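S.K.: Residue numbers (my numbering), protein chains in the order written: chain L, 1033 to 1337; chain D, 1033 to 1337; chain P, 1033 to 1337; chain C, 1033 to 1337; chain V, 1033 to 1337; chain E, 1033 to 1337.
Glycine included, every Cβ here is placed at the ideal spot set by N, Cα and C.
Bear in mind that the values here come from a model prediction, so they are computed numbers and not experimental data.
A single structure is presented below for examination.
Number of protein chains: 6
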Amino acid sequence: MSDRIAYLNGEWVKESEATVSIHDRGFILADAAYEVARTFRRQPFRMERHMARLYSTLRYLAIDPGMDAGAMQDLALEVLERNLPLLGEDGEYRIILRVTRGLNPSSYPVVGAWNAPTILICTTPVAFASFAARYRTGVPVITPSVRRTPPQCLDPRAKTHERLNLILGQLEVAQVDPSAIPLLLDLQGNITESAAANVFFVCDGELWTPSARMVLGGITRETVVELANNLGIPVQEREITLFDAYNAQEAFLTSTSYSVMPVSQINGRPLGDPIPGPVTQALTQAFSDLVGVDIVALASRHLRG
Amino acid sequence: MSDRIAYLNGEWVKESEATVSIHDRGFILADAAYEVARTFRRQPFRMERHMARLYSTLRYLAIDPGMDAGAMQDLALEVLERNLPLLGEDGEYRIILRVTRGLNPSSYPVVGAWNAPTILICTTPVAFASFAARYRTGVPVITPSVRRTPPQCLDPRAKTHERLNLILGQLEVAQVDPSAIPLLLDLQGNITESAAANVFFVCDGELWTPSARMVLGGITRETVVELANNLGIPVQEREITLFDAYNAQEAFLTSTSYSVMPVSQINGRPLGDPIPGPVTQALTQAFSDLVGVDIVALASRHLRG
Amino acid sequence: MSDRIAYLNGEWVKESEATVSIHDRGFILADAAYEVARTFRRQPFRMERHMARLYSTLRYLAIDPGMDAGAMQDLALEVLERNLPLLGEDGEYRIILRVTRGLNPSSYPVVGAWNAPTILICTTPVAFASFAARYRTGVPVITPSVRRTPPQCLDPRAKTHERLNLILGQLEVAQVDPSAIPLLLDLQGNITESAAANVFFVCDGELWTPSARMVLGGITRETVVELANNLGIPVQEREITLFDAYNAQEAFLTSTSYSVMPVSQINGRPLGDPIPGPVTQALTQAFSDLVGVDIVALASRHLRG
Amino acid sequence: MSDRIAYLNGEWVKESEATVSIHDRGFILADAAYEVARTFRRQPFRMERHMARLYSTLRYLAIDPGMDAGAMQDLALEVLERNLPLLGEDGEYRIILRVTRGLNPSSYPVVGAWNAPTILICTTPVAFASFAARYRTGVPVITPSVRRTPPQCLDPRAKTHERLNLILGQLEVAQVDPSAIPLLLDLQGNITESAAANVFFVCDGELWTPSARMVLGGITRETVVELANNLGIPVQEREITLFDAYNAQEAFLTSTSYSVMPVSQINGRPLGDPIPGPVTQALTQAFSDLVGVDIVALASRHLRG
Amino acid sequence: MSDRIAYLNGEWVKESEATVSIHDRGFILADAAYEVARTFRRQPFRMERHMARLYSTLRYLAIDPGMDAGAMQDLALEVLERNLPLLGEDGEYRIILRVTRGLNPSSYPVVGAWNAPTILICTTPVAFASFAARYRTGVPVITPSVRRTPPQCLDPRAKTHERLNLILGQLEVAQVDPSAIPLLLDLQGNITESAAANVFFVCDGELWTPSARMVLGGITRETVVELANNLGIPVQEREITLFDAYNAQEAFLTSTSYSVMPVSQINGRPLGDPIPGPVTQALTQAFSDLVGVDIVALASRHLRG
Amino acid sequence: MSDRIAYLNGEWVKESEATVSIHDRGFILADAAYEVARTFRRQPFRMERHMARLYSTLRYLAIDPGMDAGAMQDLALEVLERNLPLLGEDGEYRIILRVTRGLNPSSYPVVGAWNAPTILICTTPVAFASFAARYRTGVPVITPSVRRTPPQCLDPRAKTHERLNLILGQLEVAQVDPSAIPLLLDLQGNITESAAANVFFVCDGELWTPSARMVLGGITRETVVELANNLGIPVQEREITLFDAYNAQEAFLTSTSYSVMPVSQINGRPLGDPIPGPVTQALTQAFSDLVGVDIVALASRHLRG
């Protein structure tokens, strides 16, 4: 990790020395937007969509980053460019952007008292080794008792530093089964999302995924919907309950890091046999084709590394 | 601000140079507890209660700070001690403690992947000048449309870095009336709290304040309840709606910084005449007696400073 | 106002002397349906649709008006006819129909105790001067904390004398910003409607408007949807939150009186530049074409009056 | 009814000719507060409490009646005084006060556009004959499917012209059993109130009544609580569900008109044997003692009239 | 009833002697799935669909019946076969399947403590005489105050022995009007289903039925949707409130036993004239055509029996 | 188990041969009330309270058992008497009563179609061996994602054959940790109850237990509250969230079978050290004193058996 370069408020700093003030509102108040893109074959993937989403969150938070989305993207590409030489064989980068409302002189949540926004862009290698084996075993999923924060309190579509609601779900699940991924329900009991992933279910030949109203609609999620359309698989955005989940033939998660990841069980009940199921497999293949690399093979090479 | 000393993970650093890693979970995920105490006459006020509350939040978040509450308090007192010489005439300190779950090597919300907690203690002067005049004019209060996050998503009694729900309320209010304080309702329409304050209403000779279930129960709030008991004023913790608020004779906010602050109007409707009303005045007096300093006079001296 | 004629229970009376008994249930219990249509170029606009909506509300309230929709419409047209000579240059009429459950002999809410329904039809000139300037500046919109009454208590699609829920929203907003229009959220935090208007947002080239389930679906709203269809603008009826609103490119209100009115800001945040935005402008033009008069120019002439 | 005198905006008018404009906001928008007191032995009962409640509603609605509660009460007593000579033998009056926000020149719900408030005070004889027989048979009560409007939409404690939610309950019930009284549940399924009455249940020797938060807390209700206290009957304000109701030993309604009225069944299930049950009987007696007249005997004399 | 044969856990027993242990979890805990199909012209109707639905519920309950759907269906057909000789003229059978989690040795709700599942299949004659007359009069429907259990507690789509929520609705309604059918609302006030039937409304030429999310989607319901599609009648699955119901032109129920049954009134309000209305009539005819028997004529023959 | 005698509808039958018809509504519709008492030192414990609770549920369900509570209790005591000779050394009995609405001739949920109620009384030995070891290790508790059915759908205070909601919680938990006990939250996220137990938390020297509104208030729960009162331990019935649970010093369950059972962890977080904690220990002791037998020692003897 040592020598990577990060962009921080107009300066280029070593990532290991990149820090923010203890009075930064992104730190003390979760008052910040962020975004995570990644590379495939060392090329950034759908950066414009990621920028659009970042700026949606900024508008929701009324944070003015002081530059437009194009300038932000140029900066991100430059950060990537500078760090590509440090990337190991078969490595890929996650490109992380953060925009906070800036310093809070009095450490106090008074609107209007802040300075200029803090803008941070850095890259971290995709942690293939941490999930590569799961492409073949699938991940177990558990629905914790904590419910996803509703839109009238803080809109799940905004990608902010407020991740604690999701972490509470993780704590509940991890202390019971450390390998499991939490999948939070909303206040009506509908399935929403995991801490860093969207979920899809294969139900009677269709692909079902929770409505974008109650989840952060990931770029990978969007991409999978497109691929499914290309493959002629009907896709429904809809309310999904545990009744649906227990009756699904397959399920998988999508995220920027692992793209498409099969689910092996939900609340201890096996789901899908084999792992991955045929639809998951077809979409994994289509995703690999789209990005020009076999995503499972690539990750697996890191298991031997 | 320049020369104050902060405690940061076992080291003593200049506050102006105190920073946290961009991979700290308190920064990227709001995954942290904090607490704010203050001094009166340069003595810390009810530190044990503040420590107890900090440790309640830590238990809720399953963060192990690696020391007990007594050791944490000793550290906080040492931070205070070191900074007292820098305090101006009539100055008082806020004592701020923050405990995050620590570094997140992969910048990724996986439970178990973190290092040791980040522990930060610093002091900032009470910003008397920013609120002193309001003791006499009162503050206007507005109920925004955003609702307070419910306990089943993230318990309002936990004092965490997740403050964005409250900030959304501030944004809504501040862009309409920059001088106003937001007072969020819960999902049932009951009054809860402001971003940094509890609220009390004087109704037919009683003191009403929202139930501790839906608010972060401040130490100042507890103190005011004790003082009211001493003065023979009945206190009710209860559900309070706008019907109650509009029919109250007086209202005031309580917070660590300003102790007791009269409210002048709610949603544009005058509330209380004169400002402060007699009950607010009596409690302000009792609070001053308790801490051994006239809190209004003290703050007012900063207006002339 | 002096000489206009109103229809009241089978009689023709001067509007200024038209009154209802203090024991009328429409007065003491909000137990009444009403409807407001208007003229363009002195011709009534879509009266059949207004009649259909009035009779929907009457069926919901189980009030039997004693005549069918055709007879009611004939009466309304006669009221209009009688009053047209009194209309000033460039004037247009609002045609107002009210049907209450009638007298309540005992002033008591006992079902079955009433007499024949009270039927009232009158006309009032469209108050162009009160809103003409806003076509160019847009109106600011605020979401108050009061929530729209849910359908299981009183269906928002029924147009009844119960308008107090909406007025509470107005009071909240007006005392903070007298020029602002309230836009109430429902119990889930979705945007519903204003006291006398529907709302549309322009989002990524589409027109979004709240689902008809939670709002009184106005005839003007229906008309704008038709016009958008004609112009090839996709229209979605859907759940809309503040996240959507803050990210919209334009917004406008529709009502019987002003047809299409641009929104300039929401909760203090500018929305749309220029005012009106291109989609709002195109729909305003299409509406003008449909009704055969430039609605902005017409209203503006009243500013000089 | 012919010759009674009403007070209307500073004038004394025959009640049968007392009317309000068709543009009065109390008529077209339910934008009004009201109150109903009554006499016992031709003396007004607890007028100060009724005035206090009226002014609570006025403050909630931000309607300024232009006079204080004492002046309003004096007017009400004068109305009563003028009409007492018209009262038949064994007659009593209901004293009704209404305060609307006044005329709405444009018939349009724009805040600020109204004139002076409309103030109306009249008296109507208590309709003893309509309920006298029920003191001995009890009234059947049904819980309709429509739910009571929640406080965050319109506070049930405000006594306004918005009664339509309650009337929807009446319609549902009356068309199935014309003799039944509707008892609405709130959104959580707790029993609230009837259209013109509060409800009490006798459960294991205690008196239970819904919390004042979800009901319009009647003066008669207050009085019965006081009487129960005097008789040593414990009283609980609490959440009450149908489980409680079906297990109650007795139930009764309270209202200004009939004071205390036994319930004979709830949703078709007999409740209490004999009618009235002993606690209902004791409270009826205590109420009669308080007001100096046997309320049942008095009403019954009107059956023979 | 005497000589019919039932299948019970691998044995053939007389139905009148078919019993389950008092420790069976289907008895003591409602821990069982069931399904009801029927014959038309003595042939089973859409058994595969019924089997699929049964197995959906079994998966939701994590009950393993120990055989696949094909084997279960074969058994059901054999039960039918054995009992057909006992069927009277014009008779038809309901085919009932029940799968419980089996014996609970300790009579205690501990998961894992059960034995093999209990499997029961029997037939009962369709009770034509109990509903035949209603094809011509229609059934009155009432919405009780009890709400349908929400999916996050127990999914309405699972057909389990938990029917008590629906029975509470029946009790509420039956004690007021013994001839009425209850139609429960959900927690938001939307119409869901009756105890053994789905509901359809004819609204402006379309067929509306509650979304399958909140109801047990019957096979008859599916069939009627198909028939409507064939007839060119648009069908909407949507949220339906009492406002819609009161404004519908017709309504009917569907169930396995009576197929299509007109509704005559809802909450005492007449609905549809004549009975059945034209759309109901057309669908009844189409249904009769599909199953090869005039369902009304067939049932009516049992009235004369 | 072979020779125990059960009472079934007026007859004495061998328990192993005691069965109910496949058409019994308690079996097919969960349409039944039940109750479980137990013996201490072979004497029944608080039978009157159990009978009172059974009859509360019967009244809620409108099931008439055909005998009063005294007669029912006499029958239960006779069942006990007959079976006591069969009880092993150190054995105790659970006394189980079930009252269903009876046979449903048509297997159809039509109210009014049933026969006489089915009354069943039997005894089963307390299964000491299944829980004795846990008195010293405590039980782990998990909050599943499924929520407790709310009172407006089916009142949790009614002890009916509808236990499936609780079993769904068990399934969720058991498939993740087979040794864990589920503790369901209500729709607001408050802790309610386990499938067969109430829960208590020791918080800052007080005993907290969920309000009786949302749980089936057990007789053991009542007894523990009395014992705590005797010991001078303050008891609060209140809303309890996971924040409270994670901050509790101790927790324990109460049920008829095991009386008082320490909790060792909640959602994987240790709770209480040692097990049992001092308050749990004191109440276990007090309970043992009350019933005249050391409940832990008694159970432990079955481990050696």
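Would you call the CB atoms of glycine 1221 of chain L and valine 1208 of chain E closer than 7 Å?
M.R.: No. Outside cutoff.
S.K.: Restricting to runs no shorter than 3 residues, where is the beta strand (DSSP E) found entirely within the segment 1113-1137 of chain C?
M.R.: The qualifying runs are 1125-1132.
S.K.: In its own chain, which residues sit with a C-beta less than 7 Å from the C-beta of arginine 1114 of chain E, not counting the 5 before and 5 after it?
M.R.: If we look at arginine 1114 of chain E and ignore the five residues flanking it on each side, its Cβ neighbours are Ile1037.
S.K.: Leaving aside the five residues before and after glutamate 1282 of chain V along the sequence, list all residues of the same chain whose C-beta is less than 6 Å from its C-beta, in chain order.
M.R.: Answer for glutamate 1282 of chain V: Val1234, Gly1304, Gly1309, Val1311 and Thr1312, listed in chain order.
S.K.: Applying the criterion that 16 or more other CB atoms from any shown protein chain within 10 Å of the CB defines a buried residue, is glycine 1237 of chain L buried or exposed?
M.R.: Exposed.
S.K.: Keeping to the same chain, check which residues put their C-beta closer than 6 Å to that of valine 1338 of chain L; ignore five residues upstream and five downstream.
M.R.: Missing from the structure shown is residue 1338 of chain L; chain L here goes from 1033 to 1337 and no further.
S.K.: Going by beta-carbon coordinates alone, are leucine 1203 of chain P and alanine 1094 of chain C separated by less than 7 Å?
M.R.: Yes, the pair counts as a contact, with Cβ atoms nearer than the cut-off.
S.K.: Alpha carbon to alpha carbon, how far is aspartate 1326 of chain D from glutamate 1225 of chain D? Give it in angstroms, no decimals.
M.R.: Glutamate 1225 of chain D and aspartate 1326 of chain D: Cα-Cα distance of roughly 26 Å.
S.K.: Quick one, which residues of the segment 1091-1108 of chain D are near chain E if we go by CB-CB under 7 Å, in chain order?
M.R.: Going along the segment 1091-1108 of chain D in chain order, one finds Arg1091, Tyr1092 and Ala1094 with a Cβ nearer than 7 Å to chain E.
S.K.: Going along the chain, which unbroken runs of the beta strand (DSSP E) with 3 or more residues stay wholly within the segment 1162-1222 of chain L?
M.R.: Complete beta strand (DSSP E) runs here, min 3: 1171-1174.
S.K.: Of the choices D:Arg1270, D:Gly1134 and D:Lys1191, whose alpha-carbon is the least far from that of valine 1231 of chain D?
M.R.: Of the candidates D:Arg1270, D:Gly1134 and D:Lys1191, the one whose C-alpha sits nearest the C-alpha of valine 1231 of chain D is D:Arg1270.
S.K.: Mapping the DSSP letters down to three states, classify proline 1375 of chain P as helix, strand or coil.
M.R.: In the structure as shown, chain P begins at 1033 and stops at 1337. Residue 1375 of chain P is therefore absent and cannot be evaluated.
S.K.: Hey, quick one: how far does the alpha helix (DSSP H) through phenylalanine 1072 of chain D stretch, first residue to last?
M.R.: No alpha helix (DSSP H) contains phenylalanine 1072 of chain D, which is instead part of the beta strand (DSSP E) from 1064-1072.
S.K.: I need the boundaries of the alpha helix (DSSP H) containing leucine 1303 of chain D, first residue and last residue.
M.R.: Taken as a continuous stretch (DSSP letters only), leucine 1303 of chain D belongs to no alpha helix (DSSP H), as it is neither H nor E.
S.K.: Compute the beta-carbon to beta-carbon distance between proline 1214 of chain C and glycine 1201 of chain C, rounded to the nearest angstrom, for a pair I have assumed lies under 8 Å.
M.R.: Right, the Cβ-Cβ distance comes to about 4 Å (below 8 Å), so this counts as a contact.
S.K.: Are the C-beta of leucine 1127 of chain L and some C-beta of chain D separated by less than 7 Å?
M.R.: The sequence shown places isoleucine at residue 1127 of chain L, not leucine. No, isoleucine 1127 of chain L does not count as interfacial toward chain D.
S.K.: Return the first residue and the last residue of the alpha helix (DSSP H) that phenylalanine 1338 of chain L is part of.
M.R.: Nothing about residue 1338 of chain L can be read from this structure; chain L reaches only from 1033 to 1337.
S.K.: Is DSSP giving tyrosine 1087 of chain V helix, strand or coil here?
M.R.: It is helical.
S.K.: Can you look up alanine 1038 of chain D in the DSSP assignment and give me helix, strand or coil?
M.R.: If DSSP states are grouped into helix, strand and coil, alanine 1038 of chain D belongs with the strands.
S.K.: Kindly list, in the order they appear in chain C, the residues whose Cβ is closer than 7 Å to that of alanine 1190 of chain E.
M.R.: Within 7 Å Cβ-Cβ: Phe1275.
S.K.: Starting from leucine 1263 of chain V, find everything on chain C with Cβ-Cβ shorter than 8 Å and list it in chain order.
M.R.: Within chain C, no residue comes near leucine 1263 of chain V; the closest Cβ sits about 32 Å away, beyond 8 Å.
S.K.: Could you please give me the residues that DSSP links to proline 1157 of chain D through a beta bridge?
M.R.: Partner(s): D:Tyr1125.
S.K.: Which chain E residues sit within Cβ distance under 7 Å of isoleucine 1174 of chain L?
M.R.: Correct list: Val1208.
S.K.: I'd like the span of the alpha helix (DSSP H) that includes threonine 1252 of chain E, first residue to last.
M.R.: Taken as a continuous stretch (DSSP letters only), the alpha helix (DSSP H) holding threonine 1252 of chain E covers 1251-1262.
S.K.: Apply the 10 Å Cβ neighbour rule to tryptophan 1044 of chain E and answer buried if 16 or more other Cβ atoms are within range, or exposed otherwise.
M.R.: Looking at its Cβ environment, which holds fewer than 16 other Cβ atoms inside 10 Å, tryptophan 1044 of chain E is exposed.
S.K.: Counting Cβ pairs closer than 8 Å, one from the segment 1250-1265 of chain C and one from the segment 1153-1168 of chain V, do we hit at least three?
M.R.: Segments in contact, no.
S.K.: Nearest-angstrom Cα distance between glutamate 1049 of chain C and aspartate 1056 of chain P?
M.R.: The alpha-carbon atoms of glutamate 1049 of chain C and aspartate 1056 of chain P are separated by roughly 12 Å.
S.K.: Going by the beta-carbon positions, is the gap between cysteine 1185 of chain D and asparagine 1197 of chain L smaller than 7 Å?
M.R.: Contact flag set, yes.
S.K.: Run through DSSP, which three-state label would glutamine 1268 of chain C get?
M.R.: Strand, per DSSP.
S.K.: Just list the residues that DSSP pairs serine 1283 of chain E with in beta bridges.
M.R.: Note on residue identity: the sequence assigns alanine, not serine, to residue 1283 of chain E. E:Phe1233.
S.K.: Look at the alpha carbon of alanine 1212 of chain L and the alpha carbon of alanine 1206 of chain L, and state the distance between them as a whole number of angstroms.
M.R.: Taking the straight line from one Cα to the other gives about 6 Å.
S.K.: What does the alpha-carbon distance come out to for the pair proline 1097 of chain D and valine 1131 of chain D?
M.R.: Taking the straight line from one Cα to the other gives about 7 Å.
S.K.: How many angstroms separate the CA atom of glutamine 1105 of chain D from the CA atom of leucine 1112 of chain D?
M.R.: About 10 Å.
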